[in-house]
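Visitor:
In this note's numbering, the protein residues as written are 558 to 960.
The following block contains the structure:
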């Protein structure tokens with residue numbers, strides 16, 4: 558038996574933010590990030606719409622990129638004191654992921670973070686509040702997914718949290734919000750969305766309900782991401798829908814080891830964080846080559862290549878075309894092809910901010926953590942410790958994957 562879960566309601570298109578006026582409740586807390594929603598006027602609009610709905614509104618601002626355990630606990634404490642019946646999370650993946658996790662601690666104050674790390678082990682939510690997610694970036698699709706990623710900076714580990722309970726009740730996908738993204742963010746979030754769709758399509762849990770969403774998202778991202786990066790706002794609007802479709806696919810088909818590797822390398826090194834979308838973009842071509850040793854996965858990668866009209870007569874040729882097309886997209890978006898060229902802010906550089914010696918010293922531990930990541934189980938080929946270490950080395954040095 559399979560399961561396919563999405564928000565109860567999804568409002569999309571320009572101006573859909575106004576749907577906040579129709580939420581029914583007494584109190585709403587808005588969780589936001591670093592200020593872009595305020596500067597763009599969207600936070601003020603959301604606050605006014607909720608007040609029009611008759612609600613008292615409180616703000617939790619300043620959720621950082623890659624939200625921490627500490628931020629989650631501060632937000633949960635505010636919720637416990639304010640007692641909202643709507644949690645409205647607004648912005649990129651970080652504030653929405655943080656708010657999802659705050660939700661669990663709000664409703665169950667005695668829950669520990671360790672309790673939530675086990676996939677699909679959340680307590681039953683909606684005892685005190687419902688959840689509305691409003692996306693401002695075109696990548697994570699957390700507004701429609703059963704996932705959140707929280708970082709424990711003391712341990713240097715990103716934890717992917719997974720449970721259908723944290724799928725929002727209402728999602729608002731208003732492209733007006735995405736039009737404020739700077740080009741670098743467009744590139745990183747766009748390749749994150751591409752990775753979601755590709756991994757969902759080859760996941761061992763893919764099905765007839767997820768495949769069409771994944772394929773159409775891949776085609777849209779392939780067609781519109783570069784144009785969006787170059788400032789075409791019609792393409793930007795298309796990308797906002799495309800990332801949401803990819804999210805619907807992966808929330809139900811799950812992901813693979815590209816995400817496992819990105820989660821465990823993101824905060825592991827002292828030189829700086831590897832931005833999630835950039836990590837996915839760098840690792841995806843290498844993982845495709847690794848997974849293509851599995852015959853079913855290889856055929857499905859070839860399906861993707863055919864669907865976006867890449868050249869090739871054989872399955873092997875089509876897989877290679879897909880790999881090279883993704884690498885070419887990275888080049889066009891100024892994303893490095895390997896960690897050795899990963900510069901400040903995720904841009905191409907001659908010298909990486911990730912020290913080679915530190916990378917090699919931590920390689921066994923990072924590889925072990927990546928294998929144990931929640932996303933590994935649905936990957937079409939499960940790597941051994943030795944294979945994961947070799948794969949991560951290929952991602953650092955841009956080496957050919959031949960194992």
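Even for Gly, the Cβ is constructed at its ideal location relative to N, Cα and C.
1. Do residue 663 and residue 637 have their C-beta atoms within less than 8 angstroms of each other?
2. So does the segment 680 to 691 actually touch the segment 618 to 625, counting three or more Cβ pairs closer than 8 angstroms?
3. Around the C-beta of residue 749, are 16 or more other C-beta atoms found within 10 angstroms, so that it is buried, or is it exposed?
4. With DSSP run on the structure shown, which of helix, strand or coil describes residue 956?
5. Measure the CB-CB distance between residue 945 and residue 931 and report whether it falls below 8 angstroms.
6. What is the rounded straight-line gap between the Cα of residue 648 and the Cα of residue 731?
7. Counting only runs of 3+ residues fully inside the segment 723 to 759, write out the beta strand (DSSP E) ranges in chain order.
8. Find out if the Cβ-Cβ distance for the pair residue 803, residue 838 is shorter than 8 angstroms.
9. Taking one C-beta from the segment 802 to 818 and one from the segment 838 to 847 each time, how about it: are there three or more such pairs within less than 8 angstroms?
10. Among 920, 956, 855, which residue has its Cα nearest to the Cα of residue 894?
11. Using the Cα positions of residue 628 and residue 729, report the straight-line distance between them to the nearest angstrom.
12. Sort 762, 881, 793 by Cα distance to residue 853 and report the nearest one.
13. Could you have a look at residue 712 and say whether DSSP puts it in helix, strand or coil?
14. Cutting at 6 angstroms between CB atoms, please list the residues of its own chain near residue 831, excluding the five before and the five after it.
15. For residue 954, count neighbouring Cβ atoms within 10 angstroms of its own Cβ and tell me buried if that reaches 16, exposed if not.
16. Put residue 895 into one of helix, strand or coil per three-state DSSP.
17. Look up residue 704 in the DSSP assignment and say whether it is helix, strand or coil.
18. Is the beta carbon of residue 825 closer than 8 angstroms to that of residue 650?
19. Is residue 747 buried or exposed, if buried means 16 or more other CB atoms sit within 10 Å of its CB?
20. Does the structure place the segment 599 to 614 close enough to the segment 572 to 585 that three or more beta carbon pairs sit under 8 angstroms?
21. Going by the CB atoms, is the gap between residue 911 and residue 896 shorter than 8 angstroms?
22. Enumerated in chain order, which unbroken segments of the alpha helix (DSSP H) with a length of 4 residues or greater are wholly contained in the segment 582 to 609?
23. Using only alpha-carbon positions, find the residue among 705, 630, 726 that is nearest to residue 669.
24. What alpha helix (DSSP H) runs, 4 residues minimum, are completely inside the segment 797 to 846?
25. Using 10 angstroms around the beta-carbon of residue 740, count the other beta-carbons present and answer buried if the total reaches 16, otherwise exposed.
26. Roughly how far, in whole angstroms, is the beta-carbon of residue 704 from the beta-carbon of residue 756, given that I think they are within contact range, below 8 angstroms?
27. What are the residues that DSSP puts in a beta bridge with residue 687?
28. Measure the Cβ-Cβ separation of residue 792 and residue 781 and say whether it is below 8 angstroms.
29. Which residues in the same chain have their Cβ closer than 7 angstroms to the Cβ of residue 924, if we skip the five residues on either side of it in sequence?
30. Could you tell me which of 845, 642, 652, 558 sits nearest to residue 694, measuring between CA atoms?
31. Taking DSSP as the reference, what is the three-state secondary structure of residue 880?
32. Going by alpha carbons, who is nearest to residue 575 out of 754, 934, 599, 590?
33. Ignoring anything shorter than 4 residues or poking outside the segment 886 to 940, list the alpha helix (DSSP H) runs there in chain order.
34. Nearest-angstrom Cα distance between residue 933 and residue 939?
35. In this structure, what does DSSP give as the bridge partners for residue 633?
36. Can you tell which of 591, 848, 922, 700 has its C-alpha closest to the C-alpha of residue 566?
Guide: On the basis of the data shown:
1. As a first step, residue 663 is located in the chain shown; it is residue number 106 there, counting from the start. As a first step, residue 637 is located in the chain shown; it is residue number 80 there, counting from the start. Taking 8 angstroms as the Cβ cut-off, residue 663 and residue 637 qualify as a contacting pair.
2. no
3. Sequence index remark: in the chain shown, residue 749 carries index 192 (1-based). Flag for residue 749 reads buried.
4. Against the chain shown, residue 956 aligns to sequence position 399. If DSSP states are grouped into helix, strand and coil, residue 956 belongs with coil.
5. By 1-based counting over the chain shown, the position of residue 945 is 388. By 1-based counting over the chain shown, the position of residue 931 is 374. For residue 945 and residue 931, no; Cβs fall outside 8 angstroms.
6. Here residue 648 refers to the residue found at position 91 when the chain shown is read from its first residue. Here residue 731 refers to the residue found at position 174 when the chain shown is read from its first residue. Cα to Cα, residue 648 sits roughly 11 angstroms from residue 731.
7. 727 to 730
8. Residue numbering aside, residue 803 sits at position 246 when the chain shown is read from its first letter. Residue numbering aside, residue 838 sits at position 281 when the chain shown is read from its first letter. Contact: no.
9. yes
10. As a first step, residue 894 must be located in the chain shown, where it is residue number 337. Residue 894 has its Cα closest to that of 956, out of 920, 956, 855.
11. To locate residue 628, count along the chain shown from 1; it is residue 71. To locate residue 729, count along the chain shown from 1; it is residue 172. In a straight line, the C-alpha of residue 628 is about 24 angstroms away from that of residue 729.
12. Numbered from its first residue, the chain shown carries residue 853 at position 296. Considering only alpha carbons, the answer is 762.
13. Counting from one through the chain shown, the residue named residue 712 turns up at place 155. DSSP places residue 712 in coil when its eight states are reduced to three.
14. The residue you call residue 831 lines up with position 274 of the chain shown. So the qualifying residues of the chain are 822, 823.
15. Counting from 1 along the chain shown, the entry for residue 954 is found at position 397. It is exposed - the Cβ of residue 954 has fewer than 16 other Cβ atoms within 10 Å.
16. Residue numbering aside, residue 895 sits at position 338 when the chain shown is read from its first letter. In the structure shown, residue 895 sits in coil (DSSP, three-state: anything other than H, G, I, E or B).
17. Along the chain shown, one-based indexing puts residue 704 at 147. Three-state result, residue 704: strand.
18. Indexing the chain shown from 1 puts residue 650 at position 93. Indexing the chain shown from 1 puts residue 825 at position 268. Contact: no.
19. Here residue 747 is taken as the residue at index 190 of the chain shown, counted from 1. Answer is buried; the Cβ neighbour count reaches 16.
20. yes
21. For the purposes of this step, residue 896 is taken as the residue at position 339 of the chain shown. For the purposes of this step, residue 911 is taken as the residue at position 354 of the chain shown. It is a contact, given that the beta carbons lie within the stated cut-off.
22. 593 to 596, 599 to 609
23. Against the chain shown, residue 669 aligns to sequence position 112. For residue 669, the nearest C-alpha among the options comes from 630.
24. 814 to 822
25. Here the question's residue 740 lines up with position 183 in the chain shown. Classification of residue 740: exposed, given that the 10 Å Cβ count is below 16.
26. Here the question's residue 704 lines up with position 147 in the chain shown. Here the question's residue 756 lines up with position 199 in the chain shown. Between residue 756 and residue 704 the Cβ distance is about 12 angstroms, and since that is not below 8 angstroms, they are no contact.
27. For the purposes of this step, residue 687 is identified with residue 130 of the chain shown, where counting begins at 1. Answer by DSSP bridge pairing, in chain order: 643.
28. Residue mapping note: residue 792 aligns to position 235 of the chain shown, counting from 1. Residue mapping note: residue 781 aligns to position 224 of the chain shown, counting from 1. In contact: residue 792 and residue 781 (Cβ atoms closer than 8 angstroms).
29. For the purposes of this step, residue 924 is taken as residue 367 along the chain shown, with counting starting at 1. Cβ within range, chain order: 942, 945, 946, 949.
30. Position 137 of the chain shown holds residue 694. Per the Cα distances, 652.
31. Reading the chain shown from its first residue, position 323 is the one you call residue 880. Residue 880 falls in the helix class under three-state DSSP.
32. Position 18 of the chain shown, counted from the first residue, corresponds to residue 575. Of the listed residues, the one whose Cα sits closest to residue 575 is 599.
33. 913 to 928
34. Indexing the chain shown from 1 puts residue 933 at position 376. Indexing the chain shown from 1 puts residue 939 at position 382. C-alpha separation (whole angstroms): 7 angstroms.
35. Mapped onto the chain shown, residue 633 falls at position 76. The partner list for residue 633 (beta bridge, DSSP) is empty, contrary to what the question assumes.
36. If you number the chain shown from 1, residue 566 lands on position 9. Considering only alpha carbons, the answer is 700.
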